[in-house]
Amino acid sequence: MKAHSCLPRAVYMRLFGTDLILLHPPSIYDFRESHSEYGPISDVIFSTPVFEMYPMGFTSMAGYLEEHGFNARIVNIAQRMVSEPGYDVDAAIAKLDPILFGLDLHWLPHAQGALKLAEIVKKHHPQTPVVFGGLSASYFHEELIRSDLIDFVIRGDSCEEPLRQLLACVVFGGDLSTVKNLTWKDAGTGEIRINPLDHVPPSISPRPVPDISYVIGSVLKYWKLRDVIPYGNWLNYPITALLTSRGCPMHCSACGGSRDAYHTICAREHPAYRSPEDLVKDIRFIQRFSRAPIFLIHDLRNGGHKYAQDILALLGDERLRNEIVFELTTPVLDDYLDQIRRSVPRWSLEITLESHLERVRHLNRRFQCSNEKIIETIGKALDNGVRRVDIFFMVGLPGQSYEDAIGFDGFCREILERFKGDRRLEFFIAPLAPFVDPGSAAYDHPAEHGFKLRFHSLADHVQALTAPSWKEMLNYETDAMTRHEIVAATYEAMRRLQRLKYEWSMTDPGAYQAAMQRIDKSQAAVMAVDAAMKMPAGMARDTAMRAAANTQAGQALIFQKNYLIWPLIRGQRFASIGSLTAIGAFLITKQIWVLISRRLPLFARRMLRRG
Ligand code: B12
Ligand code: SF4
11 MKAHSCLPRA VYMRLFGTDL ILLHPPSIYD FRESHSEYGP ISDVIFSTPV
61 FEMYPMGFTS MAGYLEEHGF NARIVNIAQR MVSEPGYDVD AAIAKLDPIL
111 FGLDLHWLPH AQGALKLAEI VKKHHPQTPV VFGGLSASYF HEELIRSDLI
161 DFVIRGDSCE EPLRQLLACV VFGGDLSTVK NLTWKDAGTG EIRINPLDHV
211 PPSISPRPVP DISYVIGSVL KYWKLRDVIP YGNWLNYPIT ALLTSRGCPM
261 HCSACGGSRD AYHTICAREH PAYRSPEDLV KDIRFIQRFS RAPIFLIHDL
311 RNGGHKYAQD ILALLGDERL RNEIVFELTT PVLDDYLDQI RRSVPRWSLE
361 ITLESHLERV RHLNRRFQCS NEKIIETIGK ALDNGVRRVD IFFMVGLPGQ
411 SYEDAIGFDG FCREILERFK GDRRLEFFIA PLAPFVDPGS AAYDHPAEHG
461 FKLRFHSLAD HVQALTAPSW KEMLNYETDA MTRHEIVAAT YEAMRRLQRL
511 KYEWSMTDPG AYQAAMQRID KSQAAVMAVD AAMKMPAGMA RDTAMRAAAN
561 TQAGQALIFQ KNYLIWPLIR GQRFASIGSL TAIGAFLITK QIWVLISRRL
611 PLFARRMLRR G
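As structure tokens, then:
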């Protein structure tokens, strides 16, 4: 094999040293010093606008490497910065000493934070290579590899094996042109090399995504609980999510995870599904430590009727204790929800409808059905004992005017009237923000889908993230709404949602008043930024800007987040002490087995090469 000098120094492997550290950056690196008005950009997820949750694939990559004898850790820098105001990133990075650093640029909103963190890594460890990965890194790989801060980009949605190949190459030497899905620079010529994107596994079995046993095992092994927590409140509410597929067969216009986007970014022709047996095994494992809900990502019916049936049949044989949350991306016309009721004692539904208008849904290529079918589906769910139905709406869709966006509350009223204000119904609204996803139809062919893009390159997006308000961050407008209208419609829609909840006693007067004040305050801040931006450059403008944009990303106002929580069953968060101890014992035994059977032989191989 031809050995490329991929490393400027001879790396050495230490028996108990760390080989790979995966770092999750904050969206905007210096969010603790810089201020902006983030509005509702992360209002319907658990993270703050720092987007502190790391990609679930971090755990499957780290778990895979550990099983091959490497020592791999996750350090969620973003979460540590959010939860510990004094957390010194420079000092923390300086102390780390792996053979390879990995950073995710999975979500484009991390563009600024990821590059800034890479700069800090290179400042303290100029000799240690840095690899980027994730959906956005895959999309912008050629722009990224031109940066001096980045040595490699691994593309695609399944990087476990390519990352193992790269790490082995870095540790033992080897031919980088054989590493699957790799974009890299030839150390000799500086030429950019793009290896074929041909590692596209057809299934996500047998390895789980996320690999929760890795997370618990890593806490026992590295004793760094705070580094692997996915988001702030997780220990109080240990909800878990399981990926049922990598890729999606749907083609929603503005989604960077659609069928076409996966084709462009990951060379994936068909989604890779997790086998029903493995998925149910994952649920069984989670039940051994957590009592919080388990969210199944993607509509099970995406994998076909039989796939969904098989999962439900297997779940019916389990003693399910946790609530299971299912997603729907099309209405239910058959007895699917009856089957869920028969198999799962406690279950909830997520319906991301996005618009109440059939015309807009048609343009958005999502729920292309009549409203009657949607109401029928909700009725079936309620009849079948669903614990909660969450219905999500969005502002900024193709062909959606200001009036179209704010008019969603009429449809919510219709639903509430039809089901006599059933307390199990919950509604949410959020803007498409901050970015239309790269790789989506709307991003790659904006004019065809009624979008106008403001930014195109990665560098443009890095710049946009430092803007003083979420209005200035938006990378798009639509043919039907200017940015100003998108922002105004969002706030008005949020007010209407609060009024609706108040009228139907879904919120109490105190919470209603507080929510309305937060919405007004946030909109006033965006308008104050607009006014400051119109002032001539100078001290007065800077002062006005600072006064206007006064929120840190980690402390942004929250509008609807509290409603995201499904109540815990009997208030229990974790499984019994006996079950937790059994898991601990099992994972410690596994660690010892991996040390003897995998780590020691790998270490010996490295020593022999050095000798
Ligand atoms: C599940 C999901 C979520 C979950 C998060 C789960 C998680 N922790 O990963 C929730 C609901 C919380 C979520 C939130 C958000 N999401 Co989301 N989400 C998805 C969804 C539906 C599936 C993701 C998936 O399949 N992942 C599986 C694979 C692709 O990723 P993975 O296994 O985690 O990681 C592998 C690779 O990506 C890669 N990789 C990742 N990181 C790294 C790092 C290195 C070094 C290497 C080598 C490789 C590598 O290797 C991994 C292992 O093989 C997709 C839609 C879709 N169909 O993809 C959207 C999607 C990924 N989300 C998206 C967005 C925009 C967001 C939000 C920013 C939305 C918002 N404004 O609130 C937030 C960000 C949250 C945060 N970070 O705090 C966009 C991203 C577009 C883009 N390119 O930026 C997508 C494509 C579509 C969408 N609009 O929802 N999301
Ligand atoms: S938004 Fe549409 S295309 Fe994207 S993951 Fe969800 S169902 Fe699939």
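First residue of the sequence shown? That's 11 in this note's numbering, and the numbers climb one at a time after it.
Yeah, the Cβ is synthetic: ideal placement off N, Cα and C, and Gly gets one too.
Owing to the predicted nature of the structure, the values given are computational and were not obtained by experimental measurement.
Check: Minimum C-alpha distance to L574 - residue among P35, R42, S52 and S46; Outcome: S52
Check: Presumed contact (8 Å Cβ cut-off) between I350 and L322, rounded CB distance; Outcome: 6 Å
Check: Pairwise C-alpha distance: V354 and G326; Outcome: 6 Å
Check: Anticipated Cβ contact below 8 Å, C258 with R376, distance rounded; Outcome: That pair is no contact at about 11 Å.
Check: Within 8 Å, strictly: CB atoms of S479 and E47; Outcome: yes
Check: Where the alpha helix (DSSP H) containing M555 begins and where it ends; Outcome: M549 to A558
Check: Straight-line gap, M66 to N243 (C-alpha atoms, nearest Å); Outcome: 17 Å
Check: Sequence-distant residues of its chain with Cβ nearer than 7 Å to E279 (five each side left out); Outcome: H273
Check: Where W603 sits in the DSSP three-state scheme; Outcome: helix
Check: Contiguous alpha helix (DSSP H) assignments of at least 4 residues, all confined to the segment 346-419; Outcome: 346-353, 368-374, 381-393 and 412-416
Check: Distance cut 5 Å, beta-carbon to the ligand SF4 heavy atom: residue list by chain order; Outcome: C258, M260, C262, C265, G267, S268 and T339
Check: The segment 136-151 / the segment 104-120 touching (three or more Cβ pairs under 8 Å); Outcome: yes
Check: Given 8 Å, three or more beta-carbon pairs between the segment 209-218 and the segment 585-602; Outcome: no
Check: C-alpha distance - Y412 paired with L507, whole-angstrom precision; Outcome: 15 Å
Check: Beta-carbon contacts of G548 that lie in its chain and below 8 Å, excluding the five residues immediately before and after; Outcome: none
Check: Endpoints, beta strand (DSSP E) assigned at F299; Outcome: Unbroken run through F299: none, as it is neither H nor E.
Check: Backbone secondary structure at Y232 - three-state DSSP; Outcome: helix
Check: Distance between L192 and R620 (C-alpha atoms, nearest Å); Outcome: 26 Å
Check: Through-space distance from D552 to A558, alpha-carbon basis; Outcome: 10 Å
Check: From A550, L392, K481 and V238, residue whose alpha carbon lies closest to that of S93; Outcome: V238
Check: For T3, the first and last residue of its enclosing beta strand (DSSP E); Outcome: Because the chain spans 11 through 621 in this model, residue 3 falls outside it and cannot be assessed.
Check: Pairwise C-alpha distance: D98 and R236; Outcome: 14 Å
Check: DSSP three-state assignment for R433, whether helix, strand or coil; Outcome: coil
Check: Beta-carbon proximity list for L435, same chain, < 6 Å, skipping 5 on both sides; Outcome: V399
Check: Candidates A566, L125 and R174, of which the one nearest R156 by Cα; Outcome: L125
Check: Distance cut-off 7 Å: G662 Cβ against heavy atoms of the ligand B12; Outcome: Outside the shown range of the chain (11 to 621) lies residue 662, about which nothing can therefore be said.
Check: Rounded straight-line distance, which links the Cα of N560 to that of M63; Outcome: 24 Å
Check: Proximal residues to L159 (C-beta, below 7 Å), its chain only, five neighbours per side dropped; Outcome: L125, A128, E129, K132 and V140
Check: Cα-Cα separation between M555 and K544, rounded to whole angstroms; Outcome: 10 Å
Check: Contact test: D292 Cβ vs the ligand B12 heavy atom, cutoff 7 Å; Outcome: no
Check: Any non-hydrogen atom of the ligand B12 closer than 7 Å to S4 Cβ; Outcome: Here the chain covers residues 11 to 621 and nothing more, so residue 4 does not appear.
Check: Of the residues H151, L252 and N485, the one placed nearest I222, counting alpha carbons only; Outcome: L252
Check: T488 vs F461 beta-carbon contact at 8 Å; Outcome: yes
Check: G143 (DSSP reduced to helix, strand or coil); Outcome: strand
Check: D237 CB to nearest heavy atom of the ligand B12 below 7 Å; Outcome: no
Check: Cβ-heavy atom distance, S57 to the ligand B12, below 7 Å; Outcome: yes
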